[in-house]
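J.: Structure below; questions to follow.
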Amino acid sequence: MKNDIKGFLCEHTNQAVQQSFWRHRKREITPPTGNGVIFLGTGGNPEATFTQQPQTAGFIIAAGGVRIYVDPGPGAVVRAQQMNLDLGMLDAVYISHGHLDHYGGAEGVVEAMCWAMYARRGHLLAPHNVLDGEGIISYYHQGFAAYAGYRGGPQVIRLQAQQPITLKDVRLTPIKVYHSDENFGFILDTGQLTIGYTSDTNYVRKYSTPEGLVEVGKGPHKGPVMDLLDIVEYRCDIKEAFSAVDVLIANVTTHNAWLHRHITTLGLAHLLQGSHVKLCFITHFNHVCVEPVDLRGLMAQYIEETTGVKTLAAYDGAVHDLDRLLECMGCPK
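In terms of our numbering, the sequence shown opens at residue 17 and continues consecutively.
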């Protein structure tokens with residue numbers, strides 16, 4: 017009996033190892049067709065990170081023949097498995113800044129992209145402090161400390177504002193935004209479609225109230241803004257960059273709270289007025305947008321009615337065909 021068990025274990029372990037080797041270390045890459053976005057998770061900020069309401073797994077853009085996983089927060093690989101997504105097909109992992117809800121799942125995603133760290137493939141795009149200064153992503157996952165046969169890893173590219181990065185036939189341009197020491201949104205240009213991502217950013221600088229002007233971020237009160245009449249000063253560079261894209265993915269966090277660190281739907285409505293944006297997604301919701309009342313649909317409705325720009329609230333697990341959406345809206349490809 018002992019020898020029978022030993023033989024069974026040896027044989028089936030050998031079979032499993034061979035199957036695993038080919039499954040995770042070598043495969044045919046099928047480029048994506050068309051343009052789309054998959055929201056694995058739509059939550060942001062610490063409360064969403066530890067409650068997972070909404071989930072903090074970020075999103076994948078498939079456009080112009082490349083797949084980019086953007087801001088894979090905690091739960092990224094779990095959500096990918098639940099959605100039956102093969103992360104080994106990724107071309108790049110993009111981390112906008114060094115906050116847990118934006119990088120917490122990145123190392124697992126890198127291992128998948130690099131075929132269990134046996135392959136030199138894919139790109140890791142992140143700010144300097146994420147890669148070097150704070151050591152948020154390990155040197156091993158940057159491909160610099162291979163050991164025990166794991167000699168794979170990504171090509172590491174440090175983000176610099178307005179310095180385009182070429183991924184196959186797609187150009188990604190990092191855009192400096194205002195939230196942490198180093199933080200970058202981006203504009204992705206396929207040659208036929210431009211997609212913008214704001215990441216987390218302050219937008220409103222000053223606004224008027226019945227009592228006078230308020231400078232955002234000054235004074236002890238940084239909670240919900242209840243008396244805004246008009247936005248009188250804002251980040252002109254943010255508006256200029258993101259109002260020119262076809263599709264915008266905007267991290268709003270809330271409707272009217274924490275304006276000193278987030279764009280909010282109040283700020284986004286201002287940004288979109290007079291823009292060329294055809295389709296906007298709002299995401300990166302704090303848990304207060306979900307409970308005790310789910311406000312996400314109304315937040316999108318507010319933006320669309322204020323600006324005339326088609327706006328959709330992102331939900332965990334949503335898959336959007338951008339070509340089809342734009343075609344249904346009557347927009348030329």
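Using N, Cα and C, we set each Cβ at its ideal position, and we do this for glycine too.
Secondary structure at N100, three-state DSSP: helix, strand or coil?
T.: Reduced to three states, the DSSP call for N100 is coil.
J.: Could you check the C-alpha separation between R95 and I247 for me, to the nearest Å?
T.: Cα to Cα, the separation comes out at about 38 Å.
J.: D310: which of H271, R136, G165, A334 sits nearest, CA to CA?
T.: Minimum Cα distance to D310 is reached at H271.
J.: Would you check if the distance between the CB atom of A300 and the CB atom of T269 is smaller than 7 Å?
T.: It should be noted that the sequence gives His, not Ala, for residue 300. Yes, these two residues count as a Cβ contact at 7 Å.
J.: The beta strand (DSSP E) that contains K326, what's its start and end?
T.: Taken as a continuous stretch (DSSP letters only), the beta strand (DSSP E) holding K326 covers 326 to 329.
J.: Nearest to L314 by CA position, among N19, T281, D243, is which residue?
T.: Selected option, being the one with the closest Cα: T281.
J.: Short of 8 Å in beta carbon distance, which residues of its chain neighbour Q179, apart from the five on each side in sequence? Order them along the chain.
T.: Result list for Q179: T189, P190, in chain order.
J.: Need the endpoints of the alpha helix (DSSP H) that Q317 sits in, please.
T.: Residues 312 to 323.
J.: Starting from E127, trace the alpha helix (DSSP H) in both directions and tell me its first and last residue.
T.: Note, E127: alpha helix (DSSP H), 122 to 129.
J.: What whole-angstrom Cβ distance do V335 and G52 have, given they're in contact under 8 Å?
T.: Right, their Cβ atoms sit about 7 Å apart.
J.: At what residues does the beta strand (DSSP E) containing I173 begin and finish?
T.: Note, I173: beta strand (DSSP E), 169 to 174.
J.: Using a Cβ-Cβ cut-off of 8 Å (strictly less than) and excluding sequence neighbours within five positions of V125, which residues of its own chain qualify?
T.: Taken in chain order, the residues that qualify are Y85, P88, A92, V93, A96, L103, L106, V109.
J.: Candidates Q158, I45, D117: which alpha carbon is nearest G59's?
T.: The candidate whose alpha carbon is nearest that of G59 is D117.
J.: Do G80 and Q71 have their beta-carbon atoms positioned less than 7 Å apart in this structure?
T.: The answer is no: Cβ separation not under 7 Å.
J.: Pick out whichever of K294, A260, N267, L295 has its Cα sitting closest to the Cα of G283.
T.: Among K294, A260, N267, L295, the Cα nearest to that of G283 belongs to N267.
J.: Going by DSSP, name the residue or residues bridged to H139.
T.: Note: H139 sits in a beta bridge opposite A108, Q171.
J.: Figure out for me which residue from E150, N302, H115, A132 has the closest Cα to the Cα of E63.
T.: Ranking the options by Cα distance to E63, first place goes to N302.
J.: I'd like the span of the beta strand (DSSP E) that includes V213, first residue to last.
T.: A small correction: the amino acid at residue 213 is Tyr; Val does not occupy that position in the sequence shown. That run of the beta strand (DSSP E) goes 210 to 213.
J.: Measuring only the C-alpha atoms, how far is G74 from G169?
T.: Rounded to the nearest angstrom, the two C-alpha atoms are 21 Å apart.
J.: Which class does Y156 belong to by DSSP, given the choice of helix, strand or coil?
T.: Looking at Y156 - three-state DSSP - the assignment turns out to be coil, as it is neither helix nor strand.
J.: Can the beta-carbon of V186 be found closer than 7 Å to that of V82?
T.: Yes, these two residues count as a Cβ contact at 7 Å.
J.: Check the C-beta distance from G233 over to H276 and give it rounded, since I have them as a contact under 8 Å.
T.: With a Cβ gap of about 4 Å, G233 and H276 count as contacting.
J.: Looking only at its own chain, which residues have a Cβ that is under 7 Å from the Cβ of S224, when we skip the five neighbours before and after it?
T.: Here the set comprises L245, D246, V248.
J.: Determine which residues share a DSSP beta bridge with E249 and list them.
T.: Per DSSP, K222.
J.: Would the beta-carbon of C296 fall within 7 Å of that of T327?
T.: Their beta carbons are under 7 Å apart, which means C296 touches T327 by this criterion.
J.: Is the beta carbon of N145 sitting closer than 7 Å to the one on E231?
T.: Contact: no.
J.: Spell out the partners DSSP gives V53 in its beta bridges.
T.: V53 pairs with I77, H336.
J.: DSSP on N267, reduced to helix/strand/coil?
T.: Note: N267 maps to strand in three-state DSSP.
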